[in-house]
Structure formats: C-alpha cells, structure tokens
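Positions in the sequence shown are counted from 1; adding 171 to them yields our numbering.
Idealized CB from N, CA, C, for every residue including glycine.
These notes are about the structure you will find just below.
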Amino acid sequence: MRFLEKRVFKMGVTPEALMDSAGRGIADAIRRRYAVPGEAIACIGRGNNGGDALVALKYLAQAGWVISVHCAVESNHLYALPRKKWRELDVINNDRSSLPLGPRIVLDGLLGIGASGPLRGSIAEAAEWINRQRGCPNTFVIAMDIPTGINGNSGVPCKEAVIADLTLTVGICKRGLLMPAAVNHTGSIETVLLDELQIPKDGELCLNDVHSLRGLLPHRPHDFHKGNAGRVGLLAGSRGMLGAAVLCSSAALRAGAGLVTLFCEKNIYPSIAPMLPPEVMLQPVNSLTEIEVDQFDVFALGPGMG
Numbered sequence: 172m173r174f175l176e177k178r179v180f181k182m183g184v185t186p187e188a189l190m191d192s193a194g195r196g197i198a199d200a201i202r203r204r205y206a207v208p209g210e211a212i213a214c215i216g217r218g219n220n221g222g223d224a225l226v227a228l229k230y231l232a233q234a235g236w237v238i239s240v241h242c243a244v245e246s247n248h249l250y251a252l253p254r255k256k257w258r259e260l261d262v263i264n265n266d267r268s269s270l271p272l273g274p275r276i277v278l279d280g281l282l283g284i285g286a287s288g289p290l291r292g293s294i295a296e297a298a299e300w301i302n303r304q305r306g307c308p309n310t311f312v313i314a315m316d317i318p319t320g321i322n323g324n325s326g327v328p329c330k331e332a333v334i335a336d337l338t339l340t341v342g343i344c345k346r347g348l349l350m351p352a353a354v355n356h357t358g359s360i361e362t363v364l365l366d367e368l369q370i371p372k373d374g375e376l377c378l379n380d381v382h383s384l385r386g387l388l389p390h391r392p393h394d395f396h397k398g399n400a401g402r403v404g405l406l407a408g409s410r411g412m413l414g415a416a417v418l419c420s421s422a423a424l425r426a427g428a429g430l431v432t433l434f435c436e437k438n439i440y441p442s443i444a445p446m447l448p449p450e451v452m453l454q455p456v457n458s459l460t461e462i463e464v465d466q467f468d469v470f471a472l473g474p475g476m477g
C-alpha cells in the first residue's frame, strides 16, 4: 500500500487529494449499505486513518447523517492533514435536536496499518469504548482500512483490538485482514477502490474472489440443455442422516450437473422426498446392485450411510 501511495504521489497526486478520495469512497460504501441516514460517530487518533474518517463524516453529513467526533488525542496533536479535516467539519451545520431514523454507526479511525504492538493509554480506552458500543441497539462498528489493534501483516489482534461489523479497506485488501487470526475482528470486508491507486498486475499476492474466478467456468451455448451438463448419481442417506443426502444432492446441482439422481433405501423414501430440491430425481433401491452405475458420468457413494 505504501508503494502504491508513493507512486501516485510521484505522479502529482497530493496526500490530501488521496485522503479526500478515500473518505468519499468510504462514505459512498456506507450509504450503499445503509440507505436511510442515521448517526455517525468517528473515533480518531492523530494519524491519517482518522483523517479518512473525518472526510467520510463530511460526506455523510451532506447526505443527511448526524455526525460527531471522539478524538482520542488532543486536537492540537493531530497530524497536519487530519487537523485540517477536523477544522473543515466545524463549519458543517449538525443539528442534533432530532436524530434520524437510520442506524448508529461508529467509525474506527484510531490507528492504521502501520501500527503494531499492544494498545496503550487513550487509544486503548477508545478501542474499549468502541467495542462496548456493539452492544447498543441498532449500532454497528465500521473499521477504516483495518480494525485498530490488528497487525496489518499477520492479522494477530492485541488484547484490546476493535471488533468490527464491517471493515472498509482502502485501495487494496490488506494481508492481515485475510489471516485466520483476524477473522473474529474484521466482520465483513469490502474494498474501497480508488481511481488514483492503480493496482499493479505483477503484485506479490493476488486475492481471488467470485468475480475473478467466474471466467474459469466453461461457456454454455444458448442451445445447451441438462443432458449436456453431465449426469451425477448418488447413493446416500440413512435413517437419522437424511441431511447428508440432501446436501450432496444440492451440491451436485450447484456444481453444474444437469441430471442428478439420488438413490436411497426404500424405508427412508417418504421422509427424504419432501426435503430434496425439485430438480433431483429420487429412486428407492434395496441394494447397490440395482443401480446401473455406468449410465452416470460421476457416481458418489456413502454420505450419511454410517
């Protein structure tokens, strides 16, 4: 991430322009998720992570959200850019006489990806306060880039680390967010893409998702029908373990099989029939010898049979 930032700065993009773009992207992501304006509270430290949160507040206020800021340090200790964004918020009309009907969100902008080690002092206290807010009705914690207290590389959380419902990570998904150690702290993860940060195609790591993998699926012509998509046979399920048969039948359909036939014991036929997807053909049998296995492209045997 720092490499990308240095590259765009050399191209003439200013740190303030990048912060404004990040904050606007964060606000847009929040508005997509929560259509009705509500209350937004930013908890910030002295760094640029807090600056992103302050810019996001500005755009949320313009969209009808009621905003407030909890600064974990004295405002005169803020870095130059966050201090400027703090002053810009002072001119926003923020009527708190009646709160809107939408959710209450707490933005974690205490620390960014460069922080490491245990949280201390006012930052630790602010993180603990954020975590307590998760127990309040209709309140959601949203981490800016990475939850405070999570190591950006290993994902290992410190004792006081923020537990987020949603992490909005800017530019690229940070390695630590994907590590098993972070799974109980990140909540859902959404990447906020910025036009200024062009991701290099020769990066060290590549994150695959549904969209990037979809191109690996074979193309199906318009005249394609279920007989062309493969035949799967299953012998599965027994009394007390009907779910295994239902799950593997459904999995065969989701994998793209055109014709799925489930063979089961006759005594469980009445129980399992109502549980199956309508596309699955169900055949009761007494033994495997009754099944013409050769008629199938794939045959699975055993799930839920003890």
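According to the Cβ coordinates, are residue i and residue j closer than 7 angstroms?
i	j	result
A335	A314	yes
C214	D279	yes
L339	V363	yes
A407	G475	yes
L484	E331	Beyond the ends of the chain as shown, which are 172 and 477, falls residue 484; an answer cannot be given.
D223	M190	yes
L348	I360	yes
G194	A227	yes
A234	R204	no
R410	I443	no
L231	A198	yes
H356	I301	no
S192	L365	yes
Rounded C-beta distance between residue i and residue j? I'm assuming under 8 angstroms.
i	j	result
V244	S293	6 angstroms
G480	I284	Given that the chain is displayed from residue 172 to residue 477, the structure contains no residue 480 and the question cannot be resolved.
E210	V240	About 12 angstroms separates the two Cβ atoms, so there is no contact after all.
G358	A400	So it is not a contact: roughly 37 angstroms between Cβ atoms.
G218	Y250	6 angstroms
F434	V469	Their Cβ separation, rounded to whole angstroms, is 14 angstroms, which puts F434 and V469 out of contact at 8 angstroms.
E367	V179	5 angstroms
K229	L260	6 angstroms
What is the residue span of the alpha helix (DSSP H) that residue i lies within?
i	result
A193	P186 to R204
E245	It is not in any alpha helix (DSSP H) - E245 carries neither H nor E in the DSSP assignment.
E299	G292 to Q304
T357	V354 to T357
I443	Y440 to I443
P253	A251 to L260
L405	First-last for L405: R402 to L406, but that is the beta strand (DSSP E), not the alpha helix (DSSP H).
V381	V381 to L384
So, for residue i: in the same chain, excluding its five sequence neighbours on each side, which residues have a beta-carbon less than 7 angstroms away from its beta-carbon?
i	result
E450	L424 and V431
L459	L406
P208	A234, G235, W236, P271 and G273
C344	I360, T362 and L378
Q304	V277, T310 and V312
M446	L413 and V417
S325	G347, M350 and A352
C419	L405, A407, A471 and P474
Give me the DSSP bridge partner(s) of residue i.
i	result
F395	F395 is not bridged to any residue.
F311	I276
H390	Beta-bridge pairing links H390 to no other residue.
S239	I212
F470	G404
E361	L339
Return the chain-ordered list of same chain residues with a C-beta closer than 8 angstroms to the C-beta of residue i, the five sequence neighbours on each side being excluded.
i	result
C307	R275
S246	R254 and W257
G125	A query on residue 125 cannot be resolved here, the shown segment of the chain reaching from 172 to 477 and no further.
G477	S409 and M412
G473	L406 and A407
Q466	R402 and G404
In the DSSP assignment, the beta strand (DSSP E) including residue i goes from what residue to what residue?
i	result
G285	Neither: G285 is in no beta strand (DSSP E) and is coded neither H nor E.
C419	C419 -> not in any beta strand (DSSP E); alpha helix (DSSP H) instead, spanning L413 to R425.
Q454	V451 to V456
Cβ of residue i within 6 angstroms of any heavy atom in the ligand PLP?
i	result
S239	Looking at this structure, you won't find the ligand PLP or any other ligand, since it has none at all.
Can you list, in chain order, the residues of its chain with a C-beta nearer than 6 angstroms to that of residue i? Leave out the 5 residues immediately preceding and following it.
i	result
G221	I215, P253 and G280
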